[in-house]
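One structure below.
2 protein chains.
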Amino acid sequence: MTRPDPVIQPTLRARRLGLHTQHQPVVIMRTDCHVCRAEGLAGRPQVLLSAAGREVRAALFQVEGDSLLAPDEAALSEVAWQMLGVTEGAPIAVTHAPALESVASVRRRIYGHRLDAAAFAGIVEDVAAARYSDVHLSAFLTASAVLPLDEDETIDLTAAMIGVGDRLSWGAPIVVDKHCVGGLPGNRTTPLVVAIVAANGLLMPKTSSRAITSPAGTADTMETLAPVDLDIATLKRVVEQEGGCIAWGGAIHLSPADDKFVRIERELDIDTEGQLVASVLSKKIAAGSTHVVIDIPVGPTAKVRSEENAQQLAERMRAVAARSGLQARCLLTDGTQPVGRGIGPALEARDVLAVLRNEPDGPEDLRRRAAALAGVALEIGGKSEPGEGTALALETLADGRAWTKFQAICEAQGGMRVPPVAEQTHPLAAARDGRVVHIDNRKLARLAKLAGAPEVKAAGVFMEVRLGQEVERGQPLLHLHAETAAELAYALDYAEAAGDIIQVEP
Amino acid sequence: MTRPDPVIQPTLRARRLGLHTQHQPVVIMRTDCHVCRAEGLAGRPQVLLSAAGREVRAALFQVEGDSLLAPDEAALSEVAWQMLGVTEGAPIAVTHAPALESVASVRRRIYGHRLDAAAFAGIVEDVAAARYSDVHLSAFLTASAVLPLDEDETIDLTAAMIGVGDRLSWGAPIVVDKHCVGGLPGNRTTPLVVAIVAANGLLMPKTSSRAITSPAGTADTMETLAPVDLDIATLKRVVEQEGGCIAWGGAIHLSPADDKFVRIERELDIDTEGQLVASVLSKKIAAGSTHVVIDIPVGPTAKVRSEENAQQLAERMRAVAARSGLQARCLLTDGTQPVGRGIGPALEARDVLAVLRNEPDGPEDLRRRAAALAGVALEIGGKSEPGEGTALALETLADGRAWTKFQAICEAQGGMRVPPVAEQTHPLAAARDGRVVHIDNRKLARLAKLAGAPEVKAAGVFMEVRLGQEVERGQPLLHLHAETAAELAYALDYAEAAGDIIQVEP
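From first to last, the protein sequence lines stand for chains A and B.
Position one of the first sequence corresponds to residue 142 (this note's numbering), numbered consecutively onward.
Position one of the second sequence corresponds to residue 142 (this note's numbering), numbered consecutively onward.
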């Protein structure tokens, strides 16, 4: 049998609109566009854009009439424009996007089958290359949550996520790292741990994330103190010079698929064990770490609610880390109330500074937690005997070496900054005399987010009380910090509706 | 404590771009827009648009510079424009979109908890009102697939889906309906069943869907024979006049949430039992049916692969129907090969016409299936004794009454049409002498879709052989029909890569 003649693809002229479409590559074509018509593209969720050897899958939007586009033009969103690497007016072909093979793996998992390493590699490669639509991403993450990833799957996902990104190497036998699984507002130990550990001569090239569902991630907080969007060359220079850094992981593509997953998890407000383990460990391994200390806060309103769940997570972390060539030590910590006084990027940064500077009103709980975590790092890194790490860490804080090291790191990252202060503050007062018997971390986090954190750096909550403290009616339990009256109002509305965020009993 | 002053929302001027964004409401604002800045909206997946008492949740896109928008303008996509009901230049407020309460239910189901009636009602209400993003929709459908909906949940979802749409009533004690669960290419019995049943005096106001993952839905096929986008008034008039109709369900909003679900299921290419049952039954009940005949084709490459699965689906259909006030009879049918000769809207329509006109080469398998299904409908509708329905149905076809009734229905729906013929056809030939031992329905469906079906009405596959038939090397097994050389080429590429679509053994 004979084949019909090969097809010559008609092209359109690329047009840049400067349109930002939330990470999604988008192409806009006219409803009367001949290519659209000839190729039967309308109604398809994605189309394939090709130009000079590069390909991008994009959502197809259509526009009526000629107010926006000439008939032979195709407008690209900024993401699509950059991925395709074209110039104004360059010819691009728009064709059917073939079905993604890796989506068949997602479908298999939706139908209850477990996936192997090759399947995860295929999925993660397509995710990192921005080939997945929101529908695909959400389906993969949901399918991996309803039927949780098992240990083998978590290892394979971790390996796949490392495989698609850059990977650092330090030429050192020991490279330490730390991570907190989160869920505890204000638990901003990382800048302190890095300063202590690096001051004691261990290598700690720390990359952190921005907030997923919390009012602040370490990168958000650190950004109020120094630049964190470091490229790999800058990061290497800082670490070679100072022994440590506190950078945003997303800027150096250590686990590019993770950023795509995080955006969807944030929109769904979910955070599952398998994704959590793969997300954490893929970044540690890609960052070249050999040892990692993991902080797992446990409390009724923390992310991990029971000792049993914490032990299970710790076991999964250790096992997946071991099989991925990384030594992990988990520390279960108190998660019954926020750490320090600030919740939100700038307010947490002020707590960090108070501890580093040994200020008399610096939060003692934050100091002790940071010392405990740094202590484990010093022990596994061979800088102190077992059981003596915490004492060495406290000493490093007390004698000012940690503060000196922290300032040096900030300078090396691009210059130390002063955290911003909120325009608007408002107290939330006790409704009765009594004792603080319960603090709801989740509601506090929500309150700080409604006040604008983490997008608004200065926004959040400043705690005025701790568990067990006696208070009088009318005494402020916390202060809300916001940039606009609108955000303050949203947060206050929520505080009124949410009931006891801080519970006071007579 | 005192509250800050109430917030006065600043407004922007609405601008219509004529932009079609695949069902998703979208608002485009400038990156330097004061509202965007003041409200801290950038980076949020959805914002809330308000104007004159109406609200729409929309995705926020941002555009640089002033080539597209003035600083105080907000451009709305067509969906957002219509939902908000504004005019050019009308003031609209853009604010934070509060978290959707029903998404907490989706989250609970992701974490493995089952949902109650109130939870499903909340979800479906938000879905029908287009408040869900693709991320939310995909998460709900995936969560309902990985942990399949149980019977109670399916009943609650069905009730919720009926609750948000229009509902028809016919003032008749018996209103019959039919449905095929799909997965068998060319199984286009509906137009025949409606014609036979209506010709015998029973009421059959049939609404059908467009293709989800198949090369043609009944509405796609019927559209090549008569208009199917009937509004409720037209549909009522047709049924009052002729006793039956074959309309597209989506045009009359009988189950508006279903259309949103279907779009996502299509993109993921998934089709799960709970959603299937709720989708089918919600439409039947909303259409005012009292009795329904359900065709479940069973075969190794049909949607339902084993007798056991078919029995389970039939049981779930019957049980959910009974508890929703509908009497369902399921017929398990042969699903080992396509029905009739055509696969694709117009090609299937030609098969239907050949049977109705008693043409000598009309497909006998299609005639017998339609008669069996119509027979059950005539029996449960009291128009024939048990066991005699099929004979009556065959008689109604043979004596031309079904053909007369079908033409009358088409005329009443807006005028009978002649199905289009493809520009391009190409044979797929047997590679050896032998006998046809296996036909892969899934690969055939994919082939027809790559040729352009269902978007291109004339496109698809025309079968030249059936199971058990002897063929010679070079003899056509099927002909591909396509509108463009490009689509023909896609389909041929797939046919070459896919291996034995029609298996011939010596």
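Yeah, the Cβ is synthetic: ideal placement off N, Cα and C, and Gly gets one too.
Assigned exposure category for Gly-440 of chain A - 16 Cβ within 10 Å defines buried: buried
Under three-state DSSP, which class holds Gln-548 of chain A? helix
For His-161 of chain B, would you say it is in contact with chain A, using Cβ-to-Cβ distances shorter than 8 angstroms as the test? yes
Could you give the distance in angstroms between the alpha-carbon of Asn-328 of chain B and the alpha-carbon of Pro-289 of chain A? 38 angstroms
According to DSSP, is Leu-343 of chain B part of a helix, a strand, or is it coil? coil
Could you check whether the Cβ of Asp-275 of chain B sits closer than 8 angstroms to any Cβ belonging to chain A? yes
Does the CB of Phe-202 of chain A have a neighbour CB from chain B at under 8 angstroms? yes
Output yes or no for whether 8 angstroms exceeds the beta carbon distance between Ser-430 of chain A and Ser-396 of chain A. no
Mind checking who Met-170 of chain A pairs with in its DSSP beta bridge? A:Gln-203
Note down the Cα distance separating Leu-618 of chain A from Ala-269 of chain B, rounded to an integer number of angstroms. 42 angstroms
Measure the C-alpha to C-alpha separation of Gly-601 of chain B and Leu-588 of chain B and round it to an integer number of angstroms. 8 angstroms
Quick one: is Gly-640 of chain B near chain A, going by C-beta distance under 8 angstroms? no
Cβ of Ser-191 of chain B versus every heavy atom of the ligand HEM: is any distance shorter than 7 angstroms? This structure does not include the ligand HEM; it has no bound ligands of any sort.
Scan the segment 238–249 of chain A for residues whose Cβ lies nearer than 9 angstroms to a Cβ of chain E and list them as they occur along the chain. Protein chains A and B are contained in the structure displayed, whereas chain E is not.
Whole-angstrom distance between Glu-596 of chain A and Leu-473 of chain B, CA atom to CA atom: 57 angstroms
Taking DSSP's pairing of strands, which residues face Gln-163 of chain B in a bridge? Gln-163 of chain B is not bridged to any residue.
List, in chain order, every chain A residue whose beta-carbon is nearer than 9 angstroms to that of Ser-284 of chain B. Per the sequence shown, the amino acid found at residue 284 of chain B is Ala instead of Ser. Within chain A, the residues near Ala-284 of chain B are Thr-283, Ala-284, Ala-286 and Val-287.
Start and end residues, alpha helix (DSSP H) containing Pro-486 of chain A: 486–497
Residue range of the alpha helix (DSSP H) that includes Ala-276 of chain B: Checking the displayed sequence, the identity of residue 276 of chain B turns out to be Val instead of Ala. 275–287 is the span of the alpha helix (DSSP H), which, as asked, contains Val-276 of chain B.
Simplified DSSP state of Val-247 of chain B, which is helix, strand or coil: helix
Give a yes or no on whether the C-beta atoms belonging to Gly-476 of chain B and Val-433 of chain B are separated by under 8 angstroms. no
Do Trp-594 of chain B and Pro-504 of chain B have their C-beta atoms closer together than 8 angstroms? It should be pointed out that residue 594 of chain B corresponds to Ala in this sequence rather than to Trp. No; because the gap between Cβ atoms is not below 8 angstroms, this pair is not in contact.
Which word fits Val-316 of chain A, buried or exposed, when buried means at least 16 other C-beta atoms lie within 10 angstroms of its C-beta? buried
Closer than 8 angstroms by C-beta to Asp-641 of chain A: which residues in its own chain qualify, once you throw out the five before and the five after it? Chain order, please. His-579 and Asp-581
Consider the Cβ of Glu-205 of chain A: report whether some Cβ of chain B lies at a distance smaller than 8 angstroms. yes
Contact criterion: CB-CB distance below 8 angstroms. Does Glu-408 of chain B meet it with respect to chain A? yes
In its own chain, which residues sit with a C-beta less than 6 angstroms from the C-beta of Ala-553 of chain B, not counting the 5 before and 5 after it? Val-379, Gln-382 and Glu-383
With Met-557 of chain B as the anchor, note down where its beta strand (DSSP E) starts and where it stops. Unbroken run through Met-557 of chain B: none, as it is neither H nor E.
Okay, do the segment 323–343 of chain A and the segment 274–292 of chain A touch, 3+ Cβ pairs below 8 angstroms being the bar? no
Count the other CB atoms within 10 Å of the CB of Gly-390 of chain B; is the residue buried (16 or more) or exposed (fewer)? buried
At 7 angstroms on the CB atoms, spell out the chain B contacts of Ala-280 of chain A, in chain order. Ser-279, Thr-283 and Leu-409
Tell me the rounded alpha-carbon separation between Pro-147 of chain A and Ala-627 of chain B. With a pLDDT of 44 at Pro-147 of chain A, under the threshold of 50, the predicted position of this residue should be treated as unreliable, though the coordinate-derived value follows. Taking the straight line from one Cα to the other gives about 8 angstroms.
Ala-234 of chain A (DSSP reduced to helix, strand or coil): strand
Spell out whether any CB of chain A is found under 8 angstroms from the CB atom of Leu-209 of chain B. yes
Output the distance between the C-alpha atoms of Glu-489 of chain B and Gln-223 of chain B, rounded to the nearest integer angstrom. 36 angstroms
Any beta carbon from chain A within less than 8 angstroms of Gly-555 of chain B's own beta carbon? no
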